[in-house]
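Residues 0 to 112 in numbering that gives the first Met the number 0 are what the sequence shown spells out, letter by letter. Even glycine gets a Cβ: it sits at the ideal position worked out from N, Cα and C. Note that the structure is a prediction, hence the values are computed from the model and not measured.
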Amino acid sequence: MSNEDAPETKGVSVQLLATVDLGPEIEGMEGRQLRMRMVTIEPGGVFGPVHDHKDRPGTVYILQGTITDHRNGLATEYGPGVGWPEDRNTTHWLENKGTIPAVEISVDIVKQQ
Numbered sequence: 000m001s002n003e004d005a006p007e008t009k010g011v012s013v014q015l016l017a018t019v020d021l022g023p024e025i026e027g028m029e030g031r032q033l034r035m036r037m038v039t040i041e042p043g044g045v046f047g048p049v050h051d052h053k054d055r056p057g058t059v060y061i062l063q064g065t066i067t068d069h070r071n072g073l074a075t076e077y078g079p080g081v082g083w084p085e086d087r088n089t090t091h092w093l094e095n096k097g098t099i100p101a102v103e104i105s106v107d108i109v110k111q112q
């Protein structure tokens, strides 16, 4: 399945774990926050549609299950204990092709709402 054919989000729950207002911490970071979330993708679930990380860098670490990361026409499976960076060149979507919930910790820098 190509990025253009990525399905909409389904079977995903997101729990906000922590945030830090970066404005008072780092000069030039006003209006930004460091955010940590726990994302659970149920079997057959999709974290889509295709999205990019321009202006929203982050990292992901897999706690449980397997997540398939679709980017640049390639599908890469990641299991527990590994992760990946999400930089300004990242355009992708995720899915859980496994039989158990996949759980990841996602940390990124976002514009404050």
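If contact is defined by three or more beta carbon pairs under 8 Å, each pair taking one atom from either stretch, is the region 7-26 in contact with the region 75-88? With the cut-off at 8 Å, the region 75-88 and the region 7-26 do not touch.
For K96, which residues of its own chain have a beta-carbon under 6 Å away from its beta-carbon, when the five flanking residues on both sides are left out? As a first step, residue 96 must be located in the sequence shown, where it is residue number 97. Correct list, in chain order: T67.
Proximity below 8 Å, CB of I99 to CB of R55: On the sequence shown, residue 99 is found 100 positions in, with the first residue counted as 1. On the sequence shown, residue 55 is found 56 positions in, with the first residue counted as 1. Going by C-beta atoms, I99 is not nearer than 8 Å to R55.
Along the chain, where does the beta strand (DSSP E) that runs through Q112 open and close? For this step, residue 112 is matched to residue 113 along the sequence shown. Counting along the chain, Q112 falls outside any beta strand (DSSP E), and DSSP gives it neither H nor E.
Give every residue of the same chain whose Cβ lies closer than 7 Å to the Cβ of Y60, excluding the five residues on either side of it in the sequence, and list them in chain order. Sequence index remark: in the sequence shown, residue 60 carries index 61 (1-based). Within the same chain, Cβ atoms closer than 7 Å to the Cβ of Y60 are found at G82, E103, I104, the five residues on either side in sequence being excluded.
What residues match up with I122 in a beta bridge as DSSP calls it? Beyond the ends of the chain as shown, which are 0 and 112, falls residue 122; an answer cannot be given.
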